[in-house]
Amino acid sequence: AEDAKTLVEGDDLVFEHELEQRFGLKLGEIRVADKPRAWPLGLTIARAFVAPRIALAGDAAHGIHPIAGQGLNLGFKDVAALAEVIVEADRLGQDIGALDVLERYQQWRRFDTVQMGITTDVLNRLFSNDITPLRTVRDIGLGLVERMPRLKEFFIRQASGLSGGTPRLLKGEAI
Numbered sequence: 002a003e004d005a006k007t008l009v010e011g012d013d014l015v016f017e018h019e020l021e022q023r024f025g026l027k028l029g030e031i032r033v034a035d036k037p038r039a040w041p042l043g044l045t046i047a048r049a050f051v052a053p054r055i056a057l058a059g060d061a062a063h064g065i066h067p068i069a070g071q072g073l074n075l076g077f078k079d080v081a082a083l084a085e086v087i088v089e090a091d092r093l094g095q096d097i098g099a100l101d102v103l104e105r106y107q108q109w110r111r112f113d114t115v116q117m118g119i120t121t122d123v124l125n126r127l128f129s130n131d132i133t134p135l136r137t138v139r140d141i142g143l144g145l146v147e148r149m150p151r152l153k154e155f156f157i158r159q160a161s162g163l164s165g166g167t168p169r170l171l172k173g174e175a176i
C-alpha cells in the first residue's frame with residue numbers, strides 16, 4: 002500500500018518505468034496521460050442489490066479483490082441472472098421493475114456473491130502473507146489440491162463461475 006502511494010504521488014517517469022518493468026513493452030512505450038490514482042483493494046458488498054425499479058449488478062453491487070478475474074465472473078453471473086429474472090417475470094405478465102420481482106434476483110445472487118467475496122478476501126490474505134506458519138499451511142493445501150482430482154475440480158468450477166445456481170445464459174441456453 003505504501004509503495005503504491007509513493008508511486009502515485011511521485012514522478013511520472015518513475016511511475017512509467019515501474020509499469021514497464023512489471024508489464025513489459027509488448028504494446029509499446031507507456032506514457033502517463035493523466036495524474037495516476039489509487040484506491041484500496043478489498044471487499045465491499047452493497048447492503049441491498051435492489052429497490053423498486055433499480056437493480057445493482059457487477060461492480061455496482063460488489064467489489065472484491067481482483068484475483069483471477071472473479072469480479073468479472075460475478076458481474077457476468079449478475080447480468081445473466083437479472084436478465085433471466087426479468088424475462089421470466091415478463092412472460093408471466095408481471096411488472097419487471099416491481100420489488101418482489103427484483104428481489105428474486107437479489108436472493109439468487111446474494112449468497113454466491115458473499116461466498117466469492119469472502120473466498121477472494123481470504124485467498125488474498127493467505128497468498129500476500131509470508132508468515133512461516135501461513136506459508137506452510139498454504140503449501141500443504143496447494144499440494145493436497147493438486148493430488149486430489151475431485152477437490153481440484155471443485156475449485157476449478159468455483160473459479161470458473163460454474164457454481165451457485167448458474168444462469169441459463171452462462172450455460173449457453175436461451176432464456
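Residues are numbered in the working numbering as their position in the sequence shown, beginning at 1, plus a constant of 1. Virtual Cβ for every residue (Gly too), placed ideally from N, Cα, C.
Quick one: Cα of residue i to Cα of residue j, how far?
i: Ala99; j: Ala49; result: 15 angstroms
i: Glu89; j: Ala52; result: 19 angstroms
i: Pro37; j: Val9; result: 5 angstroms
i: Ala62; j: Asp101; result: 18 angstroms
i: Gly11; j: Asp4; result: 10 angstroms
i: Val33; j: Gly76; result: 29 angstroms
i: Phe16; j: Leu28; result: 17 angstroms
i: Leu145; j: Lys153; result: 9 angstroms
i: Arg148; j: Arg23; result: 32 angstroms
i: Pro168; j: Leu103; result: 15 angstroms
i: Pro150; j: Arg158; result: 12 angstroms
i: Leu14; j: Arg105; result: 50 angstroms
Around the C-beta of residue i, are 16 or more other C-beta atoms found within 10 angstroms, so that it is buried, or is it exposed?
i: Asp91; result: exposed
i: Pro41; result: exposed
i: Leu143; result: exposed
i: Arg1; result: Lying before the first or after the last residue shown, residue 1 is absent from the chain, which here runs from 2 to 176.
i: Met177; result: Since the displayed the chain opens at 2 and closes at 176, residue 177 lies outside it and no answer follows.
i: Asp113; result: buried
i: Gly72; result: buried
i: Gln107; result: buried
Less than 8 angstroms between the CB atoms is what I'm expecting for residue i and residue j, so what's the real figure, rounded?
i: Val86; j: Gly59; result: Their Cβ separation, rounded to whole angstroms, is 15 angstroms, which puts Val86 and Gly59 out of contact at 8 angstroms.
i: Ala56; j: Ala160; result: Wrong, their Cβ atoms sit about 25 angstroms apart, outside the cutoff.
i: Thr121; j: Ile46; result: About 12 angstroms; that fails the 8 angstroms criterion.
i: Lys78; j: Leu135; result: In fact, because the Cβ distance is near 30 angstroms, the residues do not count as touching under 8 angstroms.
i: Ile176; j: Ala82; result: Wrong, their Cβ atoms sit about 10 angstroms apart, outside the cutoff.
Going by DSSP, what residues sit across from residue i in a beta bridge?
i: Thr45; result: Gly64
Would you identify the three-state DSSP class for residue i, choosing helix, strand or coil?
i: Ile55; result: strand
i: Thr114; result: helix
i: Phe155; result: helix
i: Leu171; result: helix
i: Lys36; result: coil
i: Glu30; result: coil
i: Ile87; result: helix
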